[in-house]
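Student: Count along the sequence shown from 1, add 152, and you get the number used in my numbering.
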Amino acid sequence: MHAPFAPFALVAATYFAPSALAVPPTEHGSGVAPKPPAPIAVDAGCKIKPVDGLEKSTVAAYPLIDDPVAFCIDEQGVFYFAESDRQERGIEDNRSSAFWLLDDIASESVEDRLKMYEKWASKREGGMAYYSKYDDRIARLADKDGDGNPESRTLYAGPFNEPLDGSGAGILALDGEIFYTNIPNLWRLHDKDGDGIAEFKMKDSTGYGVRVALRGHDMHGLVVGYDGKIYWSIGDRGYHVTTSDGALLHDPRSGAVFRMNPDGSELELFYTGLRNPQELAFDNYGNLFTGDNNSDGGDKARFVYCMEGGETGWSMDYQTLEGANQRGPWNQEGIWHLRPDLAPHKATEFSPLQPAWTLPPLDHVASGPSGLVFYPGLGLPDRYKDHFFLCDFLGGDSYSRVLALGLEPVGAGFKVVDEHPFVDNVLPTDVDFGYDGKMYISDWGGGWESGMKGELYAVWDAARIKDPRIGEVTRLFKEGFAQRDSDELAALLSHADRRVRMRAQFALAARGSATTELLGDIAQSATERTARIHAIWALGQQASAKLRDSNPSDRQRIEGDFDPAWFALPILDDRDDEMRAQAARMLGEARCGLAAEKLGELCADESARVRAFAALALGKLGAREQQPSIISMLAVNADSDPFLRHAGVQALAWIGDRAKIGELGGEPVASLRMAAVLTMRKLRDPRIATFLNDPERKIRLEAARAINDIPMNALRPQLAASLARFVSSGETVVAPDAAPLGHKFTREVWNLGRTGTLADFNDAAIMAKPPSETFELTIGEGKRNIGNSYISRMRGVVEAPETGDYLFSIGSDDDSVLSVGTSEDPATLIEVAKVEGYSEPGIFDSQPGQTSKPIHLEKGQKYAILALHAEGGGGDHLGIAWKLPSGVSEQPIGMKPVDRSEFPHMRRAIEACLAEGNTATATLLCDFTLSPANPTPMRLEALDALAAWTKPTVRNRVNGAYRVIDVSTRDADSFKSVLSRKLAPLAESADPVVRNAVSEAAAKIGISLDPAASLRAVNDAKLPAAERVSSLRALASDKGDRIEQALRAALESNSPELRAEARTMLVRRNDARALPSLADASMHGDIFERQRAVHDLATMGDEAEAALALLAAELERGTLDPALSLDVFDAGKDRRAGSVRTSIDNWRAPLASDALARYDALAVAGGDPTRGRDIVLYHQSAVCVKCHAVTGTGGNAAPALDGVATRGDTRYLLHSLINPNEKIAVGFANAGTSAMPSMQTILTDAEIRDVVAYLSTLK
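#1: Tell me, to the nearest whole angstrom, how far the beta carbon of L746 is from that of L721; I am working on the premise that it is less than 8 Å.
#2: Who pairs with V1420 in a beta bridge, going by DSSP?
#3: Quick one, are the C-beta atoms of N775 and A748 less than 7 Å apart?
#4: Beta-carbon separation of P1208 and D1238 under 7 Å?
#5: Do you know offhand how far L754's Cα is from G462's?
#6: How big is the Cα-Cα spacing for K1005 and F927?
#7: For E1204 and A1198, I'd like the C-alpha separation in whole angstroms.
#8: Quick check on DSSP: helix, strand or coil for N1148?
#9: If you follow the alpha helix (DSSP H) that K698 is part of, which residue opens it and which one closes it?
#10: Determine the contact status of G359 and V409, defining contact as a CB-CB distance below 7 Å.
#11: Going by alpha carbons, who is nearest to A827 out of E854, P847 and L970?
#12: E640 to G672, Cα distance in whole Å?
#13: Do you know how far the Cα of S319 is from the Cα of G279?
#14: Apart from the five residues on each side of it in sequence, which residues of its chain come closer than 8 Å, Cβ to Cβ, to D619?
#15: Using alpha carbons as the reference points, say which of M1388, H1340, A1341 and C1336 lies closest to E1399.
#16: Going by beta-carbon coordinates alone, are V211 and N301 separated by less than 7 Å?
#17: Per DSSP, what are the beta-bridge partners of V376 in this structure?
#18: Distance, Cα to Cα, P521 vs P512?
#19: Once you ignore the five residues that flank R1323 on each side, which residues in its own chain have a CB closer than 7 Å to its CB?
#20: Going by the DSSP bridge assignment, what does M371 pair with across the sheet?
#21: Pull up the distance between the alpha-carbon of G894 and that of N1086, whole angstroms please.
#22: Taking C-alpha atoms, which residue in A495, T980, Q506 and V583 lies nearest to F526?
#23: Checking the sheet assignment: what are the DSSP bridge partners for S944?
#24: Taking the continuous alpha helix (DSSP H) assigned at G814, which residues delimit it?
#25: Can you round the beta-carbon distance between A1405 and P1321 to whole angstroms, since I take them to be within the 8 Å contact cut?
#26: Taking the straight line between their C-alpha atoms, what separation do you get for V801 and S304?
#27: Can you find the residues in the same chain that come closer than 8 Å, C-beta to C-beta, to K1414, ignoring five residues on each side of it along the sequence?
#28: Under a Cβ-count criterion, where at least 16 other Cβ atoms within 10 Å of its own Cβ denotes burial, should G597 be classed as buried or exposed?
#29: At a threshold of 6 Å, does R636 count as lining the ligand ADP (C-beta to nearest heavy atom)?
#30: By the three-class DSSP mapping on this structure, what secondary structure does R411 have?
#31: Measure the Cβ-Cβ separation of P528 and R651 and say whether it is below 7 Å.
#32: Alpha carbon to alpha carbon, how far is N334 from S971? Give it in angstroms, no decimals.
#33: How would you write the range of the alpha helix (DSSP H) that M1217 sits in, first residue to last?
#34: Taking the alpha carbon of I783 as the reference point, which residue from K750, V821 and A1315 has its own alpha carbon closest?
#35: Rounding to the nearest angstrom, what Cα-Cα distance links A1153 and G1039 in this structure?
#36: Taking the C-alpha atoms as reference points, what is the distance between G499 and G1001?
Below, the structure written as structure tokens:
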């Protein structure tokens, strides 16, 4: 798809010059589909649910259509379907092929992707033949008996099943030809003899789909634009395309929009930085929009205005970034966030870190945007005038739909209005309007993969379909437009159906000078606004065609020659601002230099839309003399309207006057310097490095972004040096501000002598006892690491310093829950946030449920607050934070806010220091880490970079891009010397998180910062287990006797984690104590120690056979603790013949044919809920939160996981992962099947066990 107003006449015969990529005509099969169609009961059991008042019917179903991805309708009412049988059967996905991820993100061309397939061919059944077993194709469906429904199917073209092919996801019918996007090619096909089979097959361009990325992120969105050009899109699989004139379009990591003339010439990039713009659609004014998918990382799907030259900011490299840098800048810098001026119903504040080089989304719409179409004007109720219809594909009928939405102008952009479900209970891949007044919707049939299924539905208004104008539309398209006289065509420019208007426009434009004056009269003086707009567009087509014919190498107009665009010059003074905007855009595209002076004046027009189009037009004209007008526009805008700023910046970049841009960089007005840095980014101008020292933070940050992200490697030393801005000497940690008078916190602790749980607060016996300790606090955080095996309660009141919406957060180790009252009365407390497992100290946003929804508070009013906390062993802490309506964050409440505004700059400068890799940048990183005023998360980032110094990852630490750092010339001894000297003070830092991190870094590097301090930490039972473990590791390289002292202390300690780490170190040191210690721990320790001991025994070889044999025998007899079953099984399943292997084989033999019984035996106990939580939230193949929500974060295509542990026991939870169809939640039944795949093919046994453990905590 997509042809919302297809097909159209050719604008000019000159458009159809032969392509250099033409291949010989090809015949495809017999033209008969391999599956004979069955009779269709058109109205029987039609499942879809349109809005009230509309009729519905089933038009076609499998086998008449089979796995429909997209469709179009030609002027005779014939349907063409792009079908795909290759989903996960030749068209793969990095989530299910994680083994090649690094190869994929390293790919720069489709040839690289083919080499990757060949490298990993052994992973596929049948090797490379696997990729061609199934096919994509184009099916043609025609109504031959005249009943209004197609019943005849022919195979129009196919198979498309080369290894690099697929998915075939876009299709457009245009005056007898079919355009078809099937990675890596844009195809042109033609049925020359009318038998329903394409004999002619030609590549218009090739090189799309550099990477695999995610399935469905294909090439699609074919649509004819207001200018007669063909537009289409590609997802973030990228492109490496050489155009017919030799230009290279290259970006292997982003989705984009392209356009070309119908003959394939003038291929160009129009918009970029998209994730998966499945479909494109123009409104009545020539503005282009798309729906773009979310990344399942807490972000939202978006409705995007594709303004020429713009960027959305997505990179495929972000997709697999998790943890503290989840999705990289996309999440960390709020690229996908909304603006309150564009979406006031959803956004209350501007994202402080949203990059200026990106264009923001208009709104968060849908969850799985797919097909998109604009209402042509006839057939539906008046409410839908100027509305779009967007498919929301979520894997199952009951939660998927077609949405309707409108737009209203806001400045130079738009806001979404009237968004609502239009058709429910449908799994839509595409939507389009027929020429018969009906809306048609293709349905995938269920799930996410191919499977011989599919339907086509129709929706219509029974009263309005009788409108005689609809019958006229049908007749006009069947008869065609080329033969009509010009007066009739001129009258059709005012038709109610936009498709008719555009066909008339194209036909008039194709007649050249014979219709220029007629079009000029209509453009200047017609009473109908729509007629004037189409006349302007037609004049633009004529002017562009004339420009190509006269001097294709010179894009400027030869002023002595008559120019059709001149008719638009007077319209620049029109009273209607839309007419001024349309004229400005057309004159720029036509390169009409005579318009430059007036366009300069329009840069100060009262309409922001006019100003934007005037600036862009001046850029296309290369009008250097009008740069002051553009700059003045930018100054007045003062960065307030991002679309207007983009227009000005893009204009300056097109003009390319580097001297003027340099002058702009010296302006005292910050918004003008911002324009300079953004323009330099577009031009890759090395002078951008000077802005690293700009007095404005946002400008410095844009320079840092450009240097790291593009990248501009020659400027990397300057970026690294900019870290010095954040280095201080002798500063002390900033003391917390005094709490407002109304804040009051009391923390009470009950020591239990066992692992505490939140359920203990419901135990009347425990709560009847007085607290073991009580602390009065001035901030919302208690002392850290006060002990083990307790529960604590922090309660009190907070006073709101501002009126507005607050976001409350909680952080703890282990579990906690936060409640906030609607008044000072504790009886009004309501649970708002929680921590499951643990969060790192001072980190309040690592889990979806840590932060509340907005809570409205009134300035000066007091509100009750309560935090309940449970602690087992290891580190412990409890803190409460909030974000004020002003955007200020207090972490914890009452503490001076942490300024995160420099994090993006710091992160990039740290990466630059690592990449430069010399002693100076190592010293700079150390100094940064030693500066206590720097935020803890960034100090940890610097320490992590130092730890990776000799073995850095091949991925950029900021954005995940594949960038190999050459370490062959690095002086390891000098580096270790610098760190040993510089970082020693951190071994006894007041911040336990920093202490732990520096110990871990020292251990990885192989240095001992302060052996005495490390030994003291190992012996200090009051310290968190993690810190004691990292200190033990730090001593591994110690050459003295401290390591032996530390090992003895660790083995005798009360910490299971420390004892287990000591045993692992004994194994690595080939210490004779290892085997007996591990054998004993495997039988008598707690579960954590026993599991760890079994794992270590499995690495030791034959000497551990006897110890493992005892455990394997227990497994065979059925007496082994179920929490150890998987560990023992994994330890013995691949060992050589012996008693261990015999017991394992005997145990598993009866379970070989019963997957559920096998998992029941291995995965119901012993999992780690913390690891399980990470899998549910972040696993790239399982993508649980794509469909399931957890504490408000995630999708809505499946039941929320909150409370899932109350729905059944652990076996119920396990079976739901292995066999999702065993029991489907109420409200999510979909023809008896679930769209969720079985996790046994996606997760390892250990991962499934961990997920079960996590799900068991969701009560």
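Even for Gly, the Cβ is constructed at its ideal location relative to N, Cα and C. Predicted, not measured: the structure shown is a model, and the values here were computed from it.
Tutor: Taking the structure as given:
#1: Contact annotation, L746 with L721: C-beta distance approximately 7 Å; criterion of less than 8 Å satisfied.
#2: Past the boundaries of the shown model lies residue 1420; the chain is included only from 153 to 1411, so the question cannot be answered.
#3: Looking at the sequence itself, residue 775 is Ala, so the reference to Asn does not match. A contact, by the Cβ cut-off of 7 Å.
#4: yes
#5: 21 Å
#6: 29 Å
#7: 10 Å
#8: helix
#9: Boundaries of the alpha helix (DSSP H) around K698: R681 to S702.
#10: Here G359 is not near V409, since their CB atoms are 7 Å or more apart.
#11: Cα-wise, what sits closest to A827 is E854.
#12: Those two C-alpha atoms are separated by around 16 Å.
#13: 20 Å
#14: L530, G531 and G589
#15: C1336
#16: yes
#17: Beta-bridge annotation (DSSP): V376 is paired with I382.
#18: 17 Å
#19: Answer for R1323: D1402, listed in chain order.
#20: I386
#21: 30 Å
#22: V583
#23: V901 and H1021
#24: R810 to L816
#25: 4 Å
#26: 53 Å
#27: Residue 1414 is absent from the model: the chain starts at 153 and stops at 1411.
#28: buried
#29: Questions concerning the ligand ADP fall outside what the structure shown contains, since it holds no ligand whatsoever.
#30: strand
#31: yes
#32: 53 Å
#33: P1208 to R1220
#34: V821
#35: 34 Å
#36: The question names Gly, but residue 499 in the sequence shown is Ala. Cα-Cα distance, rounded: 20 Å.
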